[in-house]
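Residues 5 to 447 (the working numbering) make up the sequence shown, in order.
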Amino acid sequence: MHPHKTRQPYPRNQWWAAAYSSEVTRELFGRTILGERVILYRTEQGNAVVLSGLCPHRAFPLEKSCLVGDSVRCGYHGFTFAASGALEAVPSQTALPTGADLRRYPVAERGGLVWIWTGPEALADEALLPDMEALGPDNPAWATEQHMPARIAARYTLLIDNLLDLSHVSFIHADTIPAGDKVASLPVELVETPQSLNVRRIGKALPSNPFFKLMFPEHDGPLDQSFDAEYFGPHLIRTGGDLFDSGSGKRLGTQNYLHVITPETPGSLHYFVITSRDFATSNPALSNVHVDMGLLIQPQDKAAIEAIELVLQGLETRRGRYRPAAIPGRSRFAVASKARSAPRRTRPRRQAGEAGQSVPRAQSSSILSMRQRSLAATFMPSSSLNRKASLRWWRSMSRFCSLEGVIMSAAAAISCTNPDIRASLPVTAFPSRSTGGKFPIGD
5 MHPHKTRQPY PRNQWWAAAY SSEVTRELFG RTILGERVIL YRTEQGNAVV LSGLCPHRAF
65 PLEKSCLVGD SVRCGYHGFT FAASGALEAV PSQTALPTGA DLRRYPVAER GGLVWIWTGP
125 EALADEALLP DMEALGPDNP AWATEQHMPA RIAARYTLLI DNLLDLSHVS FIHADTIPAG
185 DKVASLPVEL VETPQSLNVR RIGKALPSNP FFKLMFPEHD GPLDQSFDAE YFGPHLIRTG
245 GDLFDSGSGK RLGTQNYLHV ITPETPGSLH YFVITSRDFA TSNPALSNVH VDMGLLIQPQ
305 DKAAIEAIEL VLQGLETRRG RYRPAAIPGR SRFAVASKAR SAPRRTRPRR QAGEAGQSVP
365 RAQSSSILSM RQRSLAATFM PSSSLNRKAS LRWWRSMSRF CSLEGVIMSA AAAISCTNPD
425 IRASLPVTAF PSRSTGGKFP IGD
């Protein structure tokens, strides 16, 4: 989660949701997915198309252009691209330049969402898409509601952490989610399947409340409820679960909340929520309550993880660091800032010159600024690398990374003891290390 693996902050051999199907029309629609600008639209036959979103001529945003039939005509200089992405026409010239095509992304529609494959096209396999019929949205016997799409200014792994650790429900959503105040104290059970990992909690004999009465108006008495957080991959987490009669153990129904996550940039994400249930499917009041609850819950989660993101961004560009605390079954982070004073830069003694001794000239590393020297000495302690090696390392790294990136890499490389986090550091921080480190989430 922190620091970023700067060369690959998210997995690309993956299906990601680009938009709700209802958002994609005959009007060009732009969105940033995994740091890449794309445009979405439908052909005259209704098929969804996703192309790279910048004109290769002058990087004009193509969502500000227009459709001519199924082709996209750039609104700046009139370059025209087919739905396949191929350049079709350039005004005032007949010869078409090579290498000016748009990228066309493999597309599939499932569960009311337009999914795109961001890796090599040859690896795109629709069998890897989540089974939206089993989860509810593509099952005609279930009732389904789509919530408003949201943009959150935080790295996508923070939302994954939020959804998998439902103990936060007892605090952030205690007054929003029925029986939410009970969740944190419930024991946790891990249920693993070939497709997912489910973090399950079971609430026993939960007292009736207005929400339960709305769901099951004919039922009177306490309910047992499972609070699931099922991880299908970095793109989808299911919460919700089954509800049972506490006395007889009879299953009353299942309600699923599908949290569909798509990274926008290393520090922001797109968030789609779909609710489905297999009971009270013709109850519009219940559907409205689900949507209204989403309008309350999403801003609460958004505020929490955006606040954490601001802290992490500060740690990445300053001298602080954080490490996971060893709390079994929990995900906690201890923040520590251990900046120490850089060694002072001393002048050659005046007596050396007066005694006729030669004063050595500065080494080639002296081209580094005082600020760079100070930071290099701060993050490269003498117990790990000597001063000369520190400065050589700093100067070589400065050619590849920003100043903040070098600081972050140096601090983490020296102080981090978590092998998963070390594996997520920029490869340039470890010139002798292979690039085969396992990425913490995804492939």
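Note that CB positions come from ideal geometry on N, CA and C, so glycine has one too.
Rounded straight-line distance, which links the Cα of residue j to that of residue i
i	j	result
PRO303	HIS274	14 Å
ILE37	THR122	9 Å
TRP20	PRO110	11 Å
LEU167	GLU48	39 Å
GLY245	GLY271	31 Å
ARG35	VAL54	10 Å
ARG62	SER25	30 Å
ARG242	GLU268	21 Å
ASN213	TYR160	34 Å
TYR14	PRO124	15 Å
PRO95	THR102	15 Å
PHE85	LEU91	4 Å
SER291	TRP146	12 Å
ALA154	THR98	44 Å
SER286	LYS217	15 Å
SER406	ALA308	Its pLDDT being 44, under 50, SER406 is placed unreliably by the model, and the measurement read from it follows with that caveat. Going by the C-alpha atoms only, they are around 29 Å apart.
CYS78	GLY50	21 Å
PRO211	VAL293	19 Å
VAL410	LEU319	Because the pLDDT of VAL410 is 41, which lies under 50, any placement of that residue in the model is unreliable, and the question is left without a value.
ASN143	ALA209	30 Å
Same chain, Cβ closer than 7 Å to residue i, five either side skipped, listed in chain order
i	result
SER200	GLU234, TYR235 and PHE236
GLU193	ARG204
ARG30	TYR45, ARG46 and LEU71
SER295	Residue identity check: residue 295 is Val in the sequence provided, not Ser. Closer than 7 Å at the Cβ level, and outside the excluded window around VAL295, lie GLU149 and HIS151.
ASP232	ASN202, ARG204, ARG242, THR243, GLY244 and GLY245
LEU3	Shown here, the chain extends from 5 to 447; a query on residue 3 therefore has no answer.
Close-in-space but distant-in-sequence residues of the same chain around residue i (CB under 8 Å, 5 per side omitted)
i	result
LEU33	Per the sequence shown, the amino acid found at residue 33 is Phe instead of Leu. Closer than 8 Å at Cβ, skipping near neighbours: ALA23, GLU27, ILE43, LEU44, TYR45 and GLU67.
PHE248	LEU227, ASP228, GLN229, LYS254, ARG255 and LEU256
PHE175	ALA188
GLU310	ILE156, ALA157 and ALA158
LEU240	PRO134, LEU262, HIS263, VAL264 and ILE265
PHE215	PRO182 and VAL293
Beta-carbon proximity of residue i to residue j, cut-off 8 Å
i	j	result
ILE312	LEU162	yes
ALA87	SER69	no
ILE4	ILE181	The structure shown does not extend to residue 4, since the chain is modelled only from 5 through 447, so no value can be given for it.
ALA112	GLU130	yes
PRO60	ALA104	yes
GLY227	ILE206	The identity of residue 227 in the sequence shown is Leu, whereas the question assumes Gly. No, the Cβ-Cβ distance between LEU227 and ILE206 is not below 8 Å.
LEU106	SER56	yes
ILE164	PRO238	yes
Residue i burial status per 10 Å Cβ neighbour count (16 or more: buried)
i	result
LEU139	buried
LEU314	exposed
GLY225	exposed
SER345	With a pLDDT of only 38 at SER345, under the threshold of 50, the placement of this residue in the model should not be trusted, and no figure is reported.
VAL187	buried
LEU100	exposed
GLY298	buried
THR266	buried
PRO221	exposed
VAL264	buried
VAL195	exposed
GLN262	It should be noted that the sequence gives Leu, not Gln, for residue 262. The residue in question, LEU262, is buried, as its Cβ has 16 or more Cβ neighbours within 10 Å.
HIS81	exposed
GLY251	exposed
ALA289	exposed
GLY73	exposed
Residues near residue i in its chain [Cβ-Cβ closer than 6 Å; skip 5 each side]
i	result
THR258	ASP246 and ASP282
ASN260	LEU139, GLY140, ARG242, GLY244 and SER280
GLY39	THR269
LYS306	ILE156
ARG114	LEU133 and MET136
VAL173	ILE181, GLY184 and VAL187
inquiry  = Could you tell me which whole beta strand (DSSP E) segments of length 3 or greater appear in the stretch 241–329?
reply    = 255–269, 272–281 and 324–328
Runs of alpha helix (DSSP H) wholly within the stretch 81–159 (minimum 4 residues, chain order) = 136–139
message = If we require 3 or more residues per run, which beta strand (DSSP E) segments fall completely within the stretch 20–92?
response = 33–37, 40–46, 52–56, 70–72 and 75–77
Whole beta strand (DSSP E) elements within the stretch 200–228, 3-residue minimum = 201–210
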